[in-house]
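Line by line, the protein sequences give chains A and B. Every position in the first sequence, counted from 1, becomes a number in my numbering once 27 is added. Every position in the second sequence, counted from 1, becomes a number in my numbering once 44 is added. Built from N, CA and C at the ideal position, the CB exists for glycine as well.
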Amino acid sequence: MDFLIFKAPMLMVQASLDGILLGILFALIAYGMALQWGVMNIINIAQGDLVILGGYIAYTIYLWGIHPAWGVIISPIIMFFVGWALYKLVINKVVDRDLFISILATFGIAIVFQQLMNFIFGADVVVAQSEYGTTMLFDNSVTLPNSKIFSAFISVLYAVALVIYMKKSRLGRAIRATAQNARAAKILGVDTEKVYAATFGINAALCGIAGALISITLTLHPYVGLPYTVRSFMIVIVAGLGNLPAVAVSGMGLGLFEEFADYILGTEFRIGAVFMLLVLILVYRRFKLSKKREYLK
Amino acid sequence: MIKQKDLILYSGLIILGLAAPYLFSAFKVQLTYLCVLIVLAMTWNLQGGEMGYNTFGNILFYGLGMYLTASVQVGMFFPLAEWTESGGEKTFVHTTAQYFQGIGVGLLVSAIVPAIIAGAIGYAILGLRGHYFAICTLGLGIAAGEIAGGIEIIGAGQGFTTPPFPAEIVDTEARGKFFYFLSFALLVGTFIFVKYIYGSRFRLILNAIRDNEDKAEAMGIQTMKYKIVGWMCSAFFCGLAGGIMGGLIGYIDSTDVAFDGREMGVFMVLMAILGGKGTLWGPVIGATLFHFFKEGLWTLILGWQYVALGVLIVVIVVYFPEGLMGWLREKYPERFGEVIDEKDRKAQVELK
Numbered sequence: 028m029d030f031l032i033f034k035a036p037m038l039m040v041q042a043s044l045d046g047i048l049l050g051i052l053f054a055l056i057a058y059g060m061a062l063q064w065g066v067m068n069i070i071n072i073a074q075g076d077l078v079i080l081g082g083y084i085a086y087t088i089y090l091w092g093i094h095p096a097w098g099v100i101i102s103p104i105i106m107f108f109v110g111w112a113l114y115k116l117v118i119n120k121v122v123d124r125d126l127f128i129s130i131l132a133t134f135g136i137a138i139v140f141q142q143l144m145n146f147i148f149g150a151d152v153v154v155a156q157s158e159y160g161t162t163m164l165f166d167n168s169v170t171l172p173n174s175k176i177f178s179a180f181i182s183v184l185y186a187v188a189l190v191i192y193m194k195k196s197r198l199g200r201a202i203r204a205t206a207q208n209a210r211a212a213k214i215l216g217v218d219t220e221k222v223y224a225a226t227f228g229i230n231a232a233l234c235g236i237a238g239a240l241i242s243i244t245l246t247l248h249p250y251v252g253l254p255y256t257v258r259s260f261m262i263v264i265v266a267g268l269g270n271l272p273a274v275a276v277s278g279m280g281l282g283l284f285e286e287f288a289d290y291i292l293g294t295e296f297r298i299g300a301v302f303m304l305l306v307l308i309l310v311y312r313r314f315k316l317s318k319k320r321e322y323l324k
Numbered sequence: 045m046i047k048q049k050d051l052i053l054y055s056g057l058i059i060l061g062l063a064a065p066y067l068f069s070a071f072k073v074q075l076t077y078l079c080v081l082i083v084l085a086m087t088w089n090l091q092g093g094e095m096g097y098n099t100f101g102n103i104l105f106y107g108l109g110m111y112l113t114a115s116v117q118v119g120m121f122f123p124l125a126e127w128t129e130s131g132g133e134k135t136f137v138h139t140t141a142q143y144f145q146g147i148g149v150g151l152l153v154s155a156i157v158p159a160i161i162a163g164a165i166g167y168a169i170l171g172l173r174g175h176y177f178a179i180c181t182l183g184l185g186i187a188a189g190e191i192a193g194g195i196e197i198i199g200a201g202q203g204f205t206t207p208p209f210p211a212e213i214v215d216t217e218a219r220g221k222f223f224y225f226l227s228f229a230l231l232v233g234t235f236i237f238v239k240y241i242y243g244s245r246f247r248l249i250l251n252a253i254r255d256n257e258d259k260a261e262a263m264g265i266q267t268m269k270y271k272i273v274g275w276m277c278s279a280f281f282c283g284l285a286g287g288i289m290g291g292l293i294g295y296i297d298s299t300d301v302a303f304d305g306r307e308m309g310v311f312m313v314l315m316a317i318l319g320g321k322g323t324l325w326g327p328v329i330g331a332t333l334f335h336f337f338k339e340g341l342w343t344l345i346l347g348w349q350y351v352a353l354g355v356l357i358v359v360i361v362v363y364f365p366e367g368l369m370g371w372l373r374e375k376y377p378e379r380f381g382e383v384i385d386e387k388d389r390k391a392q393v394e395l396k
């Protein structure tokens, strides 16, 4: 283990830029998770697998000869209906129940998704070539794929659009009302069932966008969903529900952490570091709260 | 004291267990699996069922036990690094005595070290509640697998070959029998231990923690102490189960065999829920049913087994969260010692 990164400052710049651009993508997934967690009180373990499925949709249209960037429009539309169907099939039965039931049920969904994707798309690591080229910075010592810049730009665009939609539209207001108090919203004429379905659909659509972006910036594989779930979970518990700027910041922080962990610990420990960070964050919060005789719940 | 009816049941089961490898000699490996699955389900039930702490992290102790047993068994006699580097080529061969000494000491270590680790991390982890605990332990199990997959001395990504069974033993069936009886002994030990817990004050405390931890604390119970002890008990038996499985499988991979959250880690939760969590017999029945289902059906639906597993999880969790024992209890409450006021029951029916 040689800490090359501390010897070459340009690597530091490289890792920081990579991390921030990646983090914006994570923040988009985490925003979806925060939305459904806040509205429906469900932790969706299948979140990462929805992301990967969205990525495979973009990859499929790439195989058909269409530029994979169109995936950021097509994939969320398909994923919205996937999310809607998933809600109608399973999620609506676990909404009001114990959170552990939703965790286990979505864990089951995650396994089904992984295996089906394995059948349909194969177990190979795939990537859709966007052919956007790369940008060279600082005398060619820092390389930045344009696809990463593109993905960060699209993520911000969609996030801003969604925030405006949630503020202004009728459905957005219904969703926010349901999040505040489902019963009161129901009494006042909000069709909460429809709101839940729409929320889950929007969450899946966000995953679809993130997946399409991942298909051009990173790689796809049927079994890499869970790390995305854990990353978004981590971002949400650090940022809190419904605090979008904090979600963005902690997403970038996580991206930075990962890139630096990659350089310092080595790539083989990257995923391990992510999961250990989750444990450490939870333990840290547990000790912080226990000083006030409170606990995480 | 044990009632006469129970005595017949238990002695019958023990005789069946002892005779099983001779009766079904072709299925010895499956029977060993069954014993280990039951042990895992029963120990998971101590957390998930009795204490209300739904852990995905017991797989951590199982995997640790597996690596520890194999490492001790090799490391006692040969340099560990060279063994793993040769990747299972037989540069070193254990003699019969060395093999059994090694596995004996290895199992001892694999029981004690996970229990100590559970105690050490318990204070930090068990302070979390509800779904935070579930997710945290899920992260812990997967992190362990990923980290073990990066450590060179225990084989890293290419895996770790456990010592082969000594070739000097002429009896070809001996290996299967050895591991079966080892796992059966573990099963009996675990069952006796869990049954002892079920009759003790300890279980009542665990139940109090499950039902309302704040109230339990207000009653003067040091909940953290009992939570840690409960987790240490689980870790002890999970470690042993892992050690036996490592020897049986003969090859340890970090994420697919040892810290196998996708299979064992989910199985133990599923089996306990299928049978009915919070009961003594529930996990036993659940594990047995699940194992029969798995072995019987998985060959028929080859390739689709994980899809079937996922669907099974969703169906069980969504529609039968109380499990088999819970369903029986609702159907025949008298058998479970619940007294039901007939009038009250009828009145409730009329109200509907």
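When the Cα of asparagine 230/A is compared with those of Leu49/A, Asn71/A, Met39/A, Phe314/A, which residue comes out closest? Against the first sequence, residue 230/A aligns to sequence position 203. Cα-wise, what sits closest to asparagine 230/A is Asn71/A.
Along the region 337–359 of chain B, where does the CB come closer than 7 Å to a CB of chain A? Name the residues. Answer set for the region 337–359 of chain B: Tyr350, Val351, Leu353, Gly354, Val355, Ile357, Val358.
Give, in chain order, every unbroken run of the beta strand (DSSP E) that is at least 3 residues long and sits entirely within the region 187–238 of chain A. Counting only runs that start and end inside the region 187–238 of chain A, there is no beta strand (DSSP E) element of at least 3 residues.
Report yes or no: do the region 79–87 of chain B and the region 315–331 of chain B share at least 3 C-beta pairs separated by less than 8 Å? yes
Should proline 327/B be flagged as near chain A, meaning a C-beta pair shorter than 8 Å? Position 283 of the second sequence holds residue 327/B. By this cut-off, proline 327/B is not an interface position.
Arginine 313/A CB to nearest chain B CB: under 8 Å? Numbered from 1 along the first sequence, position 286 holds the residue referred to as residue 313/A. At least one chain B Cβ lies under 8 Å of arginine 313/A.
So if DSSP puts valine 169/A in a beta bridge, which residue, or which two residues, is it bridged to? Sequence index remark: in the first sequence, residue 169/A carries index 142 (1-based). Leu164/A.
Would tyrosine 106/B count as contacting chain A if we go by Cβ distances under 8 Å? Stepping through the second sequence from its first residue, residue 106/B is reached at position 62. By this cut-off, tyrosine 106/B is not an interface position.
Asparagine 98/B classed as buried or exposed, judged by whether at least 16 other C-beta atoms fall within 10 angstroms: Numbered from 1 along the second sequence, position 54 holds the residue referred to as residue 98/B. So asparagine 98/B ends up on the buried side.
Would you identify the three-state DSSP class for phenylalanine 136/B, choosing helix, strand or coil? Position 92 of the second sequence, counted from the start, is the residue given in the question as residue 136/B. Reduced to three states, the DSSP call for phenylalanine 136/B is coil.
For phenylalanine 53/A, which residues in the same chain have their Cβ closer than 7 Å to its Cβ, ignoring the five residues on either side in sequence? Along the first sequence, one-based indexing puts residue 53/A at 26. Only Arg258, Ser259, Ile262, Gly278, Leu281, Gly282 meet the Cβ criterion.
Isoleucine 136/A by DSSP, collapsed to three states: which one? Start at 1 with the first residue of the first sequence, and residue 136/A comes out as number 109. Reduced to three states, the DSSP call for isoleucine 136/A is helix.
Please list the terminal residues of the continuous alpha helix (DSSP H) segment that includes threonine 76/B. Taking the first residue of the second sequence as 1, we reach residue 76/B at position 32. It spans 72–89 - the alpha helix (DSSP H) in which threonine 76/B sits, taken as one unbroken run.
Going along chain B, which residues have a C-beta under 8 Å from methionine 74/A? Walking along the first sequence from the start, residue 74/A turns up at place 47. Contrary to the premise, residue 74/A reads as glutamine rather than methionine in this sequence. Going along chain B, no residue has its Cβ under 8 Å from glutamine 74/A, so there is no contact; the nearest lies around 12 Å.
Taking only beta-carbon positions, decide if asparagine 98/B is within less than 8 Å of chain A. Sequence index remark: in the second sequence, residue 98/B carries index 54 (1-based). So, interface residue.
So with CB distances below 8 Å, who are the chain B contacts of phenylalanine 302/A? The count along the first sequence starts at 1 and reaches residue 302/A at position 275. Per Cβ cutoff of 8 Å: Gly183, Leu184, Ile186, Ala187, Glu190.
Would you kindly report the start and end of the unbroken alpha helix (DSSP H) that includes glycine 264/B? Your numbering for residue 264/B matches position 220 in the second sequence. Here glycine 264/B belongs to no alpha helix (DSSP H), and DSSP marks it neither H nor E.
The region 165–177 of chain B touching the region 237–248 of chain B, judged by at least three CB pairs closer than 8 Å: Not touching, per the Cβ criterion.
Answer with buried or exposed for leucine 184/A, where buried requires no fewer than 16 other C-beta atoms within 10 angstroms of its C-beta. Here residue 184/A is taken as the residue at index 157 of the first sequence, counted from 1. Exposed, because fewer than 16 other Cβ atoms sit within 10 Å of the Cβ of leucine 184/A.
In angstroms, rounded to a whole number, what distance separates the CA positions of methionine 28/A and leucine 292/A? Here the question's residue 28/A lines up with position 1 in the first sequence. Here the question's residue 292/A lines up with position 265 in the first sequence. Residue placement at methionine 28/A is flagged as unreliable, the pLDDT there being 48, under the threshold of 50; the coordinate-derived value follows with that caveat. Roughly 7 Å separates the two Cα atoms.
If tryptophan 274/A sits next to alanine 57/A, beta carbons under 8 Å apart, how far is it from one beta carbon to the other, in whole angstroms? Your numbering for residue 274/A matches position 247 in the first sequence. Your numbering for residue 57/A matches position 30 in the first sequence. One detail in the question is off: residue 274/A reads as valine in this sequence, not tryptophan. 5 Å between Cβ atoms; contact.
Alpha helix (DSSP H) runs wholly inside the region 321–378 of chain B, at least 4 long, in chain order: 326–342, 349–363, 367–375
Own chain, CB closer than 8 Å to isoleucine 272/B, minus 5 neighbours either side, in chain order: On the second sequence, residue 272/B is found 228 positions in, with the first residue counted as 1. For isoleucine 272/B, where only same-chain residues beyond five positions count, the Cβ hits under 8 Å are Ala162, Gly163, Gly166, Tyr167, Leu170.
Relative to the C-alpha of glycine 319/B, which residue among Ile59/B, Ile357/B, Tyr77/B, Glu129/B is closest? Counting from one through the second sequence, the residue named residue 319/B turns up at place 275. For glycine 319/B, the closest alpha carbon among the candidates Ile59/B, Ile357/B, Tyr77/B, Glu129/B is that of Ile357/B.
Figure out for me which residue from Lys175/A, Ala179/A, Ile308/A, Asn167/A has the closest Cα to the Cα of leucine 38/A. Residue numbering aside, residue 38/A sits at position 11 when the first sequence is read from its first letter. Among Lys175/A, Ala179/A, Ile308/A, Asn167/A, the Cα nearest to that of leucine 38/A belongs to Asn167/A.
Can you check which of these residues, Pro272/A, Thr205/A, Ala232/A, Leu233/A, is closest to glutamate 220/A by C-alpha distance? On the first sequence, residue 220/A is found 193 positions in, with the first residue counted as 1. Of Pro272/A, Thr205/A, Ala232/A, Leu233/A, the residue nearest in Cα terms is Thr205/A.
Identity of the residues DSSP links to threonine 205/B by a beta bridge: What you label residue 205/B is simply residue 161 of the second sequence in a count that begins at 1. According to DSSP, threonine 205/B bridges with Tyr295/B.
Using a threshold of 8 Å, state whether the C-beta atoms of glycine 291/B and isoleucine 156/B are closer than that. In the second sequence, residue 291/B corresponds to position 247, counting from 1. In the second sequence, residue 156/B corresponds to position 112, counting from 1. When the beta-carbon positions are compared, glycine 291/B and isoleucine 156/B stay at least 8 Å from each other.
Check whether the region 87–98 of chain B and the region 253–271 of chain B are in contact - that is, three or more C-beta pairs closer than 8 Å. yes
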